[in-house]
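Trainee: Numbering (our numbering), first residue to last: 15 to 194.
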């Protein structure tokens, strides 16, 4: 969107974790306010109309009607924790939130590089965005211990560990599409 530029391209205005997005990591999206290729966005337009806060939670009208049902459905990235993530960033501080996001991204990059047998990419992206950091750290250690195993076995075992952690936490590791 013309005139909409942001410094933080890993945590969007509306609370999406762009740093954990397949479109961003694959180079197909510059991120929220990242310049060329940035899509037109109603929330970005709203930000410009309300003094250009860096994050919606910094706006005096937040949460507004734009966030009704915000966590119900996903796009190519999960929206499930958008409001909760904005609350974490607001209460813990942006520096602490970004540090946690950087750790999640590093774990995601490890999973994609060392455990992806070509069939697990979406699962890894969702797990990085939805599972607690402690669970991700534990699963990474377990996956590192499988380094001598064939990639297909490593991927299957890592996927099983992620699914088991998700079940224990009551997390669904699937994108939730809006019904037509």
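All C-beta atoms, glycine included, are put in the ideal place defined by N, C-alpha and C.
1) When burial is assigned at 16 or more other CB atoms within 10 Å of the CB, is residue 174 buried or exposed?
2) Could you check whether the stretch 164-172 touches the stretch 125-142, counting it as contact only if at least three pairs of C-beta atoms, one from each stretch, sit closer than 8 Å?
3) Return helix, strand or coil for residue 91, following the three-state DSSP convention.
4) Going by C-alpha to C-alpha distance, which of 148, 151 and 30 sits closest to residue 88?
5) Leaving out the 5 sequence neighbours to the left and right, which residues in its chain are closer than 8 Å to residue 118 when beta-carbon positions are compared?
6) Determine the DSSP secondary structure at residue 28, reduced to helix, strand or coil.
7) Would DSSP call residue 12 helix, strand or coil?
Mentor: Quick look at the numbers:
1) By the 10 Å Cβ count, residue 174 comes out exposed.
2) In the pairwise beta carbon analysis, the stretch 164-172 is classified as touching the stretch 125-142: at least three pairs are separated by under 8 Å.
3) The three-state reading of DSSP puts residue 91 in coil, since its state is none of H, G, I, E or B.
4) Per the Cα distances, 30.
5) So the qualifying residues of the chain are 31, 33, 34, 142, 143, 147 and 150.
6) Coil, per DSSP.
7) With the chain covering 15 to 194 only, the question about residue 12 has no answer from this structure.
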